[in-house]
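Residue numbers (this note's numbering): 225 to 623.
By construction, the Cβ of each residue, glycine as well, lies at the ideal position given by its N, Cα and C atoms.
Being a predicted model, the structure only gives us computed values, none of them experimental.
Everything on this sheet refers to the single structure shown next.
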């Protein structure tokens with residue numbers, strides 16, 4: 225009857241929570257700092273852009289200054305936030321300024337253009353992108369790349385632009401199929417200000433590539449004030465349309481911007497660049513790993529130093545189970561030839577233990593526990609196991 229070996233337990237070498245925190249705290253700190261910086265930047269930008277392009281706002285990005293200058297010249301300014309109010313206010317003696325054309329849905333843009341075409345007045349589109357300019361100003365296309373310069377020279381025959389001189393119009397750039405259009409303030413041969421005469425009557429449409437000339441803190445720079453007053457003061461009445469997301473005319477339609485329409489221009493190229501950078505980084509890291517190459521050591525290392533070095537590694541990792549396995553395996557390998565057991569069967573209890581019991585006096589269960597037992601629970605038990613294995617080997621050699 226053979227007795228079964230008692231269940232063995234292993235000492236875990238998995239990193240503890242403290243070690244994981246020590247390894248990752250730098251990364252966690254960096255992530256926290258990046259998130260905090262993003263929150264601070266978002267808060268600062270949201271505060272600075274409060275009341276943007278609102279003629280009632282005195283903030284840096286508001287437009288109260290230009291509205292007051294127009295009032296001194298007898299031009300009244302009326303703020304509307306709905307499409308119906310903007311359409312009903314158009315007329316031959318009115319300038320309609322659309323502050324954020326890209327906020328309108330396609331259906332709203334078509335309805336607004338139909339009212340503009342029959343009004344006989346002037347319409348000013350501020351920084352209209354590809355989402356809106358092709359419907360509000362048919363025949364005009366917005367270039368995906370914006371102007372690299374903010375301050376540009378007029379370089380056209382439009383009287384308002386020639387009198388104003390250089391101005392901060394750099395922003396969205398436009399091309400047009402209208403031969404009678406005035407193309408002003410070019411950036412790399414593409415205009416940042418267009419004036420399109422109406423097909424009939426005295427009305428026209430002005431497409432402005434950037435809102436800078438309307439900001440309170442930019443009005444006194446370059447020829448911004450002159451250009452803004454001339455573009456908005458050609459009629460006695462100015463209707464300032466600030467499209468609102470709560471406008472019922474926009475909510476009633478199913479024409480909404482998709483996810484990709486809300487992303488800024490250039491996101492596709494930026495994503496491609498990040499993908500290429502990640503691929504190059506992966507290739508660079510992969511090249512660092514190759515097949516193992518055996519090298520001749522420059523100096524001879526004593527076996528005792530190698531043993532001590534491995535022992536220190538075991539102790540640092542608290543790997544008493546692996547240390548005990550190494551000690552027991554080496555002892556079994558040396559004992560097998562002395563007991564007449566082939567080395568190939570040295571680690572088989574059924575072959576090694578009977579042969580050793582025949583040479584020694586004692587309980588075979590003690591040999592099983594000593595040579596094949598569970599790992600020691602602490603360092604003292606590991607040292608005791610080492611002494612017992614040495615004593616066993618000496619006894620076998622003397623027998």
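Decide if residue i is buried, meaning its Cβ has at least 16 other Cβ atoms within 10 Å, or exposed.
i           : result
residue 429 : buried
residue 252 : exposed
residue 312 : exposed
residue 582 : exposed
residue 265 : exposed
residue 547 : buried
residue 255 : exposed
residue 510 : exposed
residue 286 : buried
residue 412 : exposed
residue 406 : buried
residue 243 : exposed
residue 530 : exposed
residue 378 : buried
residue 603 : exposed
residue 495 : exposed
residue 419 : buried
residue 497 : exposed
residue 477 : Legend: pLDDT at residue 477 = 47, less than 50; position of this residue unreliable, no value from coordinates given.
residue 385 : buried
residue 601 : exposed
residue 348 : buried
Just list the residues that DSSP pairs residue i with in beta bridges.
i           : result
residue 319 : 346 and 462
residue 410 : 415
residue 303 : 464
residue 244 : Its beta-bridge partners do not exist; DSSP assigns none.
residue 376 : 391
Closest to residue i by C-alpha separation, out of the options, would be which residue?
i           : options               : result
residue 465 : 574, 326, 516 and 583 : 326
residue 598 : 570, 352, 241 and 544 : 544
residue 320 : 540, 539, 417 and 346 : 346
residue 352 : 343, 431 and 389      : 431
residue 592 : 607, 572, 331 and 405 : 572
residue 459 : 294, 279 and 249      : 294
residue 617 : 555, 384, 275 and 576 : 555
residue 492 : 623, 369, 329 and 442 : 369
residue 335 : 318, 374 and 309      : 309
residue 318 : 440, 260, 298 and 499 : 298
residue 439 : 375, 246 and 284      : 284
residue 424 : 343, 408, 596 and 247 : 343
Compare the C-beta of residue i against all C-beta atoms of chain E and say whether one is closer than 9 Å.
i           : result
residue 560 : Considering every chain present, this structure includes no chain E. It has just one protein chain.
Name the two residues that bound the continuous beta strand (DSSP E) containing residue i.
i           : result
residue 419 : 414 to 421
residue 398 : 398 to 400
residue 429 : 428 to 432
Tell me which residue opens and which closes the alpha helix (DSSP H) that residue i is part of.
i           : result
residue 530 : 527 to 540
residue 365 : Where residue 365 is concerned, there is no enclosing alpha helix (DSSP H), although the beta strand (DSSP E) it sits in stretches over 364 to 366.
residue 294 : 288 to 296
residue 613 : 603 to 622
residue 574 : 573 to 583
residue 442 : No alpha helix (DSSP H) holds residue 442; DSSP gives it neither H nor E.
residue 338 : 330 to 341
residue 557 : 544 to 562
residue 359 : 357 to 360
The region 560 to 570 touching the region 516 to 532, judged by at least three CB pairs closer than 8 Å: no
Examine the Cβ distances between the region 428 to 447 and the region 383 to 403 and report whether three or more of them are shorter than 8 Å. yes
Would the region 444 to 460 and the region 277 to 290 be scored as touching if the rule is three or more Cβ pairs under 8 Å? yes
Please determine if the region 604 to 613 and the region 547 to 560 are in contact, where contact requires at least 3 C-beta pairs separated by less than 8 Å. yes
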